[in-house]
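S.K.: Going down the list, the sequences are from chains A and B. Residue numbering for the first sequence follows this note's numbering, beginning at 1 and increasing consecutively. Residue numbering for the second sequence follows this note's numbering, beginning at 402 and increasing consecutively. Glycine residues also receive a C-beta, built at the ideal position from the N, C-alpha and C atoms.
There are 2 protein chains.
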Amino acid sequence: MTEHELVRELAEKSSSKIVLVVADGLGGLPIEAGGRTELETARTPALDALAARGTCGASVPVLPGITPGSGPGHLALFGYDPLEFRIGRGALEATGIGFELGPDDVAARGNFCTLDAAGNITDRRAGRIPSEESAAVVERLQAVRVPGVETFVRPVKEHRFVVVFRGKGLDGAVADTDPQATGVPPLEPQPLSAAAGRTAEIAAEFVDRARRLLVDEPKANGMVLRGFAAKPRLPGYEELYRLRAAAIAVYPMYKGLARLAGMQLVGHAKTLDEQVDTLAACWQDHDFFFLHFKYTDSTGEDGAFAEKVKRIEELDRVIPRIEALGPDVLIVTGDHSTPSLLKSHSWHPVPTVMAAATCRPDGFEKFSERNCTRGGFGIFPAKHLMLLAMAHALRLGKYGA
Amino acid sequence: MTEHELVRELAEKSSSKIVLVVADGLGGLPIEAGGRTELETARTPALDALAARGTCGASVPVLPGITPGSGPGHLALFGYDPLEFRIGRGALEATGIGFELGPDDVAARGNFCTLDAAGNITDRRAGRIPSEESAAVVERLQAVRVPGVETFVRPVKEHRFVVVFRGKGLDGAVADTDPQATGVPPLEPQPLSAAAGRTAEIAAEFVDRARRLLVDEPKANGMVLRGFAAKPRLPGYEELYRLRAAAIAVYPMYKGLARLAGMQLVGHAKTLDEQVDTLAACWQDHDFFFLHFKYTDSTGEDGAFAEKVKRIEELDRVIPRIEALGPDVLIVTGDHSTPSLLKSHSWHPVPTVMAAATCRPDGFEKFSERNCTRGGFGIFPAKHLMLLAMAHALRLGKYGA
Chain A
1 MTEHELVREL AEKSSSKIVL VVADGLGGLP IEAGGRTELE TARTPALDAL AARGTCGASV
61 PVLPGITPGS GPGHLALFGY DPLEFRIGRG ALEATGIGFE LGPDDVAARG NFCTLDAAGN
121 ITDRRAGRIP SEESAAVVER LQAVRVPGVE TFVRPVKEHR FVVVFRGKGL DGAVADTDPQ
181 ATGVPPLEPQ PLSAAAGRTA EIAAEFVDRA RRLLVDEPKA NGMVLRGFAA KPRLPGYEEL
241 YRLRAAAIAV YPMYKGLARL AGMQLVGHAK TLDEQVDTLA ACWQDHDFFF LHFKYTDSTG
301 EDGAFAEKVK RIEELDRVIP RIEALGPDVL IVTGDHSTPS LLKSHSWHPV PTVMAAATCR
361 PDGFEKFSER NCTRGGFGIF PAKHLMLLAM AHALRLGKYG A
Chain B
402 MTEHELVREL AEKSSSKIVL VVADGLGGLP IEAGGRTELE TARTPALDAL AARGTCGASV
462 PVLPGITPGS GPGHLALFGY DPLEFRIGRG ALEATGIGFE LGPDDVAARG NFCTLDAAGN
522 ITDRRAGRIP SEESAAVVER LQAVRVPGVE TFVRPVKEHR FVVVFRGKGL DGAVADTDPQ
582 ATGVPPLEPQ PLSAAAGRTA EIAAEFVDRA RRLLVDEPKA NGMVLRGFAA KPRLPGYEEL
642 YRLRAAAIAV YPMYKGLARL AGMQLVGHAK TLDEQVDTLA ACWQDHDFFF LHFKYTDSTG
702 EDGAFAEKVK RIEELDRVIP RIEALGPDVL IVTGDHSTPS LLKSHSWHPV PTVMAAATCR
762 PDGFEKFSER NCTRGGFGIF PAKHLMLLAM AHALRLGKYG A
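This is the structure:
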């Protein structure tokens with residue numbers, strides 16, 4: 001019996017409410033030997049109070065030693081095994097710019113390139129054409145029509161864009177067309193399985209028509225397509241957990257990931273305070289609330305230890321407002337660690353605290369990496385967090401008599 | 402996606418260096434209630450310093466409660482699931498005496514026995530014939546030729562020896578010929594699968610020719626064969642981890658296990674100091690170094706608590722020399738526990754310490770079983786140690802975007 005089969009069997013309706021606050025990249029490292037991490041340095045009275053009355057743990061997003069991207073990191077927190085449910089690159093890129101993929105869609109990442117008169121690539125990134133110029137070329141590509149499918153082209157940044165093909169029976173198993181070299185033409189889209197034959201033909205037709213349209217574009221007269229992928233098939237929160245789930249996120253990537261799990265996007269908040277306003281405003285309409293805070297990750301990526309500390313303190317200050325709403329289960333965690341020391345995502349376990357009337361206290365008074373490692377949840381796979389959340393919300397029945 | 406698929410996808414080349422020191426049977430138990438283990442008794446300033454600046458954990462070689470032999474214990478440390486990758490008894494015995502198995506080999510363990518005039522077994526162990534007499538009989542067996550294959554016969558100890566059959570299309574699925582009783586003849590080698598028919602015939606032919614040759618050997622005129630097995634197919638370190646791995650071991654068994662994982666055997670060290678000399682001498686030529694120290698196990702097997710303590714202290718004294726080489730990741734652990742109290746291998750989790758600039762400190766100042774259990778790696782499957790080593794050496798890319 002898989003974990004999802006189990007939770008489908010045991011999930012029960014309830015009026016209890018669960019709040020999952022994800023401080024992106026929360027976990028850290030000391031910047032100097034013998035020192036403290038960002039979280040251990042921050043003054044966090046509200047988070048410490050949660051630790052004191054709740055249970056701590058350290059979550060492993062994928063496997064020990066494996067550093068996750070935002071996709072696998074969030075899928076795990078949402079209760080999906082990130083090694084079983086993979087989001088293809090094209091689907092993640094579309095998700096990241098807020099394009100809502102449907103069940104009949106195949107998305108690919110596009111790069112503009114420049115081609116010489118013979119059709120050979122002269123620059124694989126079209127001189128990193130500025131975003132505004134690129135957007136104008138993307139605009140022209142809207143006119144390309146391929147019989148039998150709808151196509152959507154959306155700008156990303158500089159030479160990068162997304163193409164989405166929409167039609168029955170499409171399949172993401174199509175090879176990249178980037179030859180990874182100059183002086184040769186882009187590759188033809190080749191099917192990697194029998195089911196993807198038609199998709200490869202459609203992509204080839206799109207590229208051909210686009211090339212004829214862009215023949216007079218001096219800076220971007222060609223393209224390569226990579227990471228063809230359909231929308232991953234995730235069972236949704238309503239189906240899996242019987243939860244009406246709301247997502248309160250600022251950035252398109254996290255909104256997209258929440259949509260993949262069937263959460264409803266709520267509000268248009270830009271700041272953390274506005275996010276909590278949104279939470280309060282939609283409190284009656286949902287059972288589960290995912291609130292995403294980006295800046296603990298971006299400061300870590302920048303290697304800005306002191307800034308990351310401040311962002312953690314900023315988060316700490318809104319915790320009492322969330323508690324005032326009376327959630328039955330309140331979780332604060334991250335999707336992965338982003339130590340300022342490494343200026344990147346890392347594999348280190350992620351500090352996690354849960355406060356609920358049903359928590360077994362573990363004797364820690366401060367929310368910190370080293371306490372979490374020894375906490376009542378121990379070091380646990382992130383994909384199990386939702387089982388713990390459901391249990392503490394008294395939303396899971398007994399397994400077996 | 403399996404762990405090996407994942408690591409193949411994510412492993413990156415780097416100039417970082419990883420040292421894995423395996424103190425065989427390191428873990429222990431207090432000899433009296435309320436007392437300390439061997440490791441907790443030993444004076445280990447260097448290992449304690451590693452614990453203070455690094456991360457501790459307790460590894461589980463196979464599963465909780467499962468006591469491993471040397472084979473599964475090392476396979477797990479090397480990153481192979483010991484329940485998935487099994488080394489057949491014949492292959493392990495050949496490996497243990499330093500016989501390098503090839504891809505076309507099937508090895509079996511042999512026992513000399515005595516047969517009466519009717520061909521029935523009178524002693525299944527040939528009176529535990531002394532090793533030097535047994536070796537002379539093995540020498541005679543070198544003359545046995547079976548058409549279509551090469552055969553190798555090597556002495557082990559007393560009545561035990563190893564036979565290796567080398568030829569295309571051989572298969573290890575052949576039943577033991579030991580009837581586990583006297584007064585009956587040895588069994589015929591029977592194939593356990595269709596693919597092993599020819600191998601069984603070859604083994605039968607070998608036994609028949611050997612019997613005719615040994616008819617005048619009063620102390621060992623017969624044999625039984627057990628544990629037929631081909632070389633296990635382990636993906637090697639270069640292929641899996643992109644590591645050029647060196648093994649610095651004294652005993653043939655551990656050299657053999659390292660060879661199965663594709664490590665290169667380096668040097669001819671006999672003492673621990675010579676092993677560290679070898680490590681220093683080959684430092685530039687490899688990325689990964691497995692250094693095996695036997696005597697923490699053998700003293701445990703002897704039930705010699707104080708001797709095991711001394712051996713741990715002997716190991717501690719060479720740690721600064723290893724650190725002086727500047728490894729990016731230095732790990733000290735064992736392949737299993739061998740508590741003096743039990744005079745045998747045991748299932749208890751194995752104390753593990755890793756020191757690296759990328760370690761998250763866990764607040765422990767002493768390398769001991771009880772600290773390791775609560776350490777930053779927690780209690781973890783030994784097969785994940787290599788993922789952690791690779792991550793801390795910054796040799797693994799990000800999983801998913």
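Pick out whichever of A/D208, A/P351 and A/A117 has its Cα sitting closest to the Cα of A/P339.
M.R.: What you label residue 339 of chain A is simply residue 339 of the first sequence in a count that begins at 1. Per the Cα distances, A/P351.
S.K.: Looking at A/L279 and A/I322, is the spacing between their C-beta atoms short of 8 Å?
M.R.: Taking the first residue of the first sequence as 1, we reach residue 322 of chain A at position 322. Taking the first residue of the first sequence as 1, we reach residue 279 of chain A at position 279. The answer is yes: Cβ separation under 8 Å.
S.K.: Which residue from B/D698, B/A647 and B/V651 puts its Cα closest to that of B/F690?
M.R.: The sequence position of residue 690 of chain B within the second sequence is 289, counting from 1. Nearest option by C-alpha distance: B/A647.
S.K.: Cβ of A/L257 less than 8 Å from any chain B Cβ?
M.R.: Position 257 of the first sequence holds residue 257 of chain A. Output row for A/L257: interface = no.
S.K.: Using a Cβ-Cβ cut-off of less than 7 Å, list which residues of the segment 24-53 of chain A approach chain B; keep chain order.
M.R.: Listed in sequence order: L29, P30 and A33.
S.K.: So what's A/P130 in DSSP terms, helix, strand or just coil?
M.R.: Residue 130 of chain A sits at position 130 when you count from the first residue of the first sequence. Coil, per DSSP.
S.K.: Which complete alpha helix (DSSP H) runs does the segment 360-392 of chain A hold, if anything under 4 residues is left out?
M.R.: 369-373 and 385-392
S.K.: Applying a beta-carbon distance threshold of less than 9 Å, which residues of chain A neighbour B/M791?
M.R.: The residue given as residue 791 of chain B occupies position 390 in the second sequence. In chain order, G65 make up the part of chain A whose C-beta sits under 9 Å from the C-beta of B/M791.
S.K.: Name, please, each residue of chain A whose Cβ falls closer than 7 Å to the Cβ of B/R634.
M.R.: On the second sequence, residue 634 of chain B is found 233 positions in, with the first residue counted as 1. Ordered by position in chain A, no residue passes the 7 Å Cβ test against B/R634, which lies about 23 Å from the chain.
S.K.: On the DSSP letters alone, give me the boundaries of the beta strand (DSSP E) that A/E100 sits inside.
M.R.: One-based indexing of the first sequence puts residue 100 of chain A at position 100. Note, A/E100: premise wrong, no beta strand (DSSP E); not H, not E.
S.K.: Please report the distance separating the alpha-carbon of B/E540 from that of B/E533.
M.R.: Within the second sequence, residue 540 of chain B is the residue found at index 139, counting from 1. Within the second sequence, residue 533 of chain B is the residue found at index 132, counting from 1. Taking C-alpha positions only, B/E540 is separated from B/E533 by approximately 11 Å.
S.K.: Taking all protein chains shown into account, decide if B/L464 is buried (16 or more other Cβ within 10 angstroms of its Cβ) or exposed.
M.R.: Your numbering for residue 464 of chain B matches position 63 in the second sequence. With fewer than 16 other Cβ atoms within 10 Å, it is exposed.
S.K.: When DSSP labels each residue in this structure, what does A/A488 get in the three-state scheme?
M.R.: In the structure as shown, chain A begins at 1 and stops at 401. Residue 488 of chain A is therefore absent and cannot be evaluated.
S.K.: Return yes when at least one heavy atom of the ligand ZN lies under 7 Å from the C-beta of B/A544, else no.
M.R.: The ligand ZN is not among the ligands present in this structure, which contains no ligands whatsoever.
S.K.: Tell me B/T759's beta-bridge partners as DSSP assigns them.
M.R.: If you number the second sequence from 1, residue 759 of chain B lands on position 358. In the DSSP output, where bridge partners are listed per residue, B/T759 has none listed.
S.K.: Helix or strand or just coil, what does DSSP make of A/A312?
M.R.: What you label residue 312 of chain A is simply residue 312 of the first sequence in a count that begins at 1. Before going further, note that residue 312 of chain A is Ile rather than Ala in the sequence given. The answer is helix: DSSP assigns A/I312 an H, G or I state.
S.K.: Which residues mark the beginning and the end of the beta strand (DSSP E) in which B/G511 is found?
M.R.: The residue labelled residue 511 of chain B in the question sits at position 110 within the second sequence. Note, B/G511: beta strand (DSSP E), D506 to L516.
S.K.: Please list the residues of the segment 374-399 of chain A that have a C-beta atom closer than 8 Å to any C-beta atom in chain B, keeping them in chain order.
M.R.: Along the segment 374-399 of chain A, the positions whose C-beta sits under 8 Å from a C-beta of chain B are R374, G378 and I379, read in chain order.
S.K.: Quick check on DSSP: helix, strand or coil for A/K219?
M.R.: Here residue 219 of chain A is taken as the residue at index 219 of the first sequence, counted from 1. Secondary structure of A/K219 (DSSP, three-state): coil.
S.K.: Is the shortest distance between the beta-carbon of A/V224 and the beta-carbons of chain B less than 8 Å?
M.R.: Position 224 of the first sequence, counted from the first residue, corresponds to residue 224 of chain A. So, not an interface residue.
S.K.: Check whether the segment 763-773 of chain B and the segment 786-797 of chain B are in contact - that is, three or more C-beta pairs closer than 8 Å.
M.R.: no
S.K.: Please decide whether B/P619 counts as near chain A, where near means a Cβ-Cβ distance under 8 Å.
M.R.: What you label residue 619 of chain B is simply residue 218 of the second sequence in a count that begins at 1. It does not; no Cβ of chain A falls within 8 Å.
S.K.: Taking any Cβ of chain A, which residues in the segment 747-759 of chain B have a Cβ under 8 Å from it, in chain order?
M.R.: T759
S.K.: In chain order, what residues of the segment 72-96 of chain A put their CB closer than 9 Å to some CB of chain B?
M.R.: P72, G73, L75, P82, L83, E84, R86, I87, R89, L92, E93 and G96
S.K.: Please check if any C-beta of chain B sits within less than 8 Å of the C-beta of A/G69.
M.R.: Residue 69 of chain A sits at position 69 when you count from the first residue of the first sequence. With 8 Å as the cut-off, A/G69 counts as an interface residue toward chain B.
S.K.: Please return the same chain residues whose Cβ sits closer than 6 Å to the Cβ of B/R627, not counting the five positions on each side in sequence.
M.R.: Within the second sequence, numbered from 1, the residue matching residue 627 of chain B stands at position 226. Same-chain partners within the cutoff: R510, D577 and D579.
S.K.: Can you tell me the Cα-Cα spacing of A/S344 and A/L260, whole angstroms?
M.R.: As a working note, residue 344 of chain A is residue 344 in the first sequence. As a working note, residue 260 of chain A is residue 260 in the first sequence. Computed Cα separation, rounded: 25 Å.
S.K.: Nearest-angstrom Cα distance between A/F161 and A/A135?
M.R.: Taking the first sequence and counting its residues from 1, one reaches residue 161 of chain A at position 161. Taking the first sequence and counting its residues from 1, one reaches residue 135 of chain A at position 135. So the alpha carbons of these two residues sit roughly 9 Å apart.
S.K.: Quick one: grab the DSSP three-state call for B/D577.
M.R.: Locating residue 577 of chain B in the second sequence gives position 176, counting from the first residue. Of the three classes helix, strand and coil, the one that applies to B/D577 here is coil, per DSSP.
S.K.: In whole angstroms, what separates the C-alpha of B/R645 from that of B/F694?
M.R.: Within the second sequence, the letter at position 244 stands for residue 645 of chain B. Within the second sequence, the letter at position 293 stands for residue 694 of chain B. Taking the straight line joining both Cα atoms gives about 21 Å.
S.K.: Mind checking which residues open and close the alpha helix (DSSP H) that includes B/E439?
M.R.: Residue mapping note: residue 439 of chain B aligns to position 38 of the second sequence, counting from 1. First-last of the alpha helix (DSSP H) with B/E439: E439 to T442.
S.K.: Tell whether a beta-carbon distance below 8 Å holds between B/T468 and B/S699.
M.R.: Stepping through the second sequence from its first residue, residue 468 of chain B is reached at position 67. Stepping through the second sequence from its first residue, residue 699 of chain B is reached at position 298. Taking 8 Å as the Cβ cut-off, B/T468 and B/S699 do not qualify as a contacting pair.
S.K.: Under 6 Å Cβ to Cβ from A/R36, same chain only, skipping five residues before and after it: list those, please.
M.R.: Counting from 1 along the first sequence, the entry for residue 36 of chain A is found at position 36. Excluding residues within five positions, the ones whose Cβ falls inside 6 Å are P30.
S.K.: How is A/Y254 classed by DSSP in three states: helix, strand or coil?
M.R.: Translated into positions along the first sequence, residue 254 of chain A becomes position 254. When DSSP states are grouped into helix, strand and coil, A/Y254 belongs to the helix group.
S.K.: Do we get a CB-CB distance below 8 Å when we pair A/L342 with the residues of chain B?
M.R.: Along the first sequence, one-based indexing puts residue 342 of chain A at 342. Judged by the 8 Å Cβ criterion, A/L342 is in contact with chain B.
S.K.: For A/I312 versus A/L10, is the C-beta distance shorter than 8 Å?
M.R.: Residue numbering aside, residue 312 of chain A sits at position 312 when the first sequence is read from its first letter. Residue numbering aside, residue 10 of chain A sits at position 10 when the first sequence is read from its first letter. Going by C-beta atoms, A/I312 is not nearer than 8 Å to A/L10.
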